[in-house]
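Residues 436 to 724, numbered by the working numbering, are exactly what the sequence shown covers, in order.
Below is one structure, written out as structure tokens; comments come after it.
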Amino acid sequence: MEKQTDKNQQPWLGALLPPDTCEFPTRNADGFAIPELTPEQRYAFDTHGWFLVPEVFTGSELKEMRDFGCRLHHDPESIPEHERSPVGGPLQKLIDHPLVVSLLNEFTAHPAVTSPECYGFAVESASLFYRAPGMGHFGPHNGNGLLRFPGDVHYYNAFPGKGYSPHTRIVWELNEVKKGQGGTLLVTGSHKSVYTAPADIQNPNSDIWATYGCPGGSLLFFTEALTHSATEWTNTENDRIAVFNLYSPVDSGFAKVYKPPPKLLAEMPPLRRTLFRDRYVVDNPNGTP
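Structure follows, in structure tokens:
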């Protein structure tokens with residue numbers, strides 16, 4: 436009989452997942468404790484498909500990240516070549532910020548390929564969005580996340596006591612966002628919708644759309660199963676500077692895993708490097724990038 440190769444491929448034949456395969460990191464790569472989601476946050480993400488945490492960063496720390504984002508957009512040559520990335524410089528610490536890891540451990544991580552030294556999810560993409568007035572185009576997409584063909588990770592699964600979002604978007608707003616002036620548009624609850632969206636979905640000013648206003652340094656979570664859209668940036672007081680990071684499980688995804696410049700990746704702490712490991716499950720509990 437063929438030998439079972441690794442306990443991290445459990446469960447077999449419907450057996451329960453053993454507790455020793457479910458140890459998540461308790462601290463991030465910078466050594467900061469990872470909190471548990473509050474009941475309110477868990478409920479909001481599951482029922483609404485999104486929620487916002489205001490002012491995670493303030494002061495000089497926020498200014499450093501905002502200035503780096505401006506240089507990356509306007510003057511990349513002023514940045515060392517290997518740091519010219521949305522995960523470079525001071526932006527690197529955003530990809531596994533404790534609040535980010537907290538949500539992803541709950542809704543995205545694959546327990547069987549997670550350990551205290553290894554995250555159970557991957558960074559699928561990382562982008563810097565810089566928008567001056569007039570930039571940004573309306574284009575609704577996704578939704579109906581309960582009904583997706585196999586292989587399409589834009590879905591959302593749920594049963595009593597547990598929700599699962601294999602395609603999860605994290606947005607760091609580094610400048611102020613005024614409500615109704617260019618922040619991301621979201622259709623609350625549409626990740627669980629089972630009917631075709633009404634025609635009004637094509638109107639960015641329709642009440643069907645929810646959005647937000649927030650100070651710089653705020654953090655937006657949403658499941659990619661949610662209907663959402665960009666919209667034109669109309670705030671003339673400041674441009675939009677936002678870091679959009681997308682996460683998916685280690686065992687599946689929509690696009691190739693994002694790979695930072697090799698030198699930047701090599702300089703990252705070991706735990707952070709596991710965010711960029713290849714996608715497979717067998718013998719990948721402590722996968723390497």
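Just so it is clear, CB atoms sit at the ideal spot from N, CA and C, and this is done for glycine as well.
Computed from a predicted model, the values in this text were never measured in an experiment.
Residue i - containing beta strand (DSSP E), residue span
{"i": "Y647", "result": "Neither: Y647 is in no beta strand (DSSP E) and is coded neither H nor E."}
{"i": "K597", "result": "597–599"}
{"i": "F594", "result": "592–594"}
Three-state secondary structure assigned by DSSP to residue i
{"i": "Y565", "result": "strand"}
{"i": "P705", "result": "helix"}
{"i": "K442", "result": "Because the pLDDT at K442 is just 48, under 50, the model does not fix this residue reliably, and the value given afterwards should be weighed accordingly. Note: K442 maps to helix in three-state DSSP."}
{"i": "A479", "result": "helix"}
{"i": "P684", "result": "strand"}
{"i": "H572", "result": "coil"}
{"i": "F739", "result": "No answer is possible for residue 739: it lies beyond the span of the chain, which begins at 436 and ends at 724."}
{"i": "S513", "result": "helix"}
{"i": "M436", "result": "Low confidence applies here, because M436 scores a pLDDT of 42, under 50, leaving its location unreliable; read the following figure in that light. In the structure shown, M436 sits in coil (DSSP, three-state: anything other than H, G, I, E or B)."}
{"i": "H626", "result": "helix"}
{"i": "I636", "result": "helix"}
{"i": "L710", "result": "helix"}
{"i": "L621", "result": "strand"}
{"i": "P697", "result": "helix"}
{"i": "G580", "result": "coil"}
{"i": "P585", "result": "coil"}
{"i": "K691", "result": "coil"}
{"i": "P757", "result": "What is shown of the chain runs 436 to 724, which leaves residue 757 out entirely."}
Bridge-paired residues (DSSP) for residue i
{"i": "F657", "result": "W485, R604"}
{"i": "F556", "result": "P684"}
{"i": "A547", "result": "DSSP lists no partner for A547."}
{"i": "V612", "result": "C649"}
{"i": "I676", "result": "Y565"}
{"i": "S664", "result": "L620"}
{"i": "R462", "result": "A468"}
Residue range of the unbroken alpha helix (DSSP H) whose run includes residue i
{"i": "G494", "result": "494–509"}
{"i": "S537", "result": "533–542"}
Notebook entry, point to check: Between the region 513–522 and the region 487–496, do at least 3 Cβ pairs fall closer than 8 Å?
Noted result: no
Notebook entry, point to check: Taking contact to mean at least 3 C-beta pairs separated by less than 8 Å, is the region 583–593 in contact with the region 662–681?
Noted result: no
Next item on the list: Tell me, please, whether the region 696–709 touches the region 549–560 by the rule of three or more beta-carbon pairs shorter than 8 Å.
Entry: yes
Notebook entry, point to check: Are at least three pairs of beta-carbons, each pair with one atom in the region 563–570 and one in the region 501–514, less than 8 Å apart?
Noted result: yes
Margin query: Could you check whether the region 587–604 touches the region 530–546, counting it as contact only if at least three pairs of C-beta atoms, one from each stretch, sit closer than 8 Å?
Written below: yes
Note to self: Below 8 Å, how does it come out for the region 626–641 and the region 526–537: are there three or more Cβ pairs, yes or no?
What the structure shows: no
Notebook entry, point to check: Can you find at least 3 beta carbon pairs, one from the region 677–688 and one from the region 605–621, that sit closer than 8 Å?
Noted result: yes
Next item on the list: May I ask you to verify whether the region 626–635 touches the region 654–663, counting CB pairs closer than 8 Å and requiring at least 3?
Entry: yes
Margin query: Pairs of beta-carbons, one from the region 613–620 and one from the region 693–701, closer than 8 Å: are there three or more?
Written below: no
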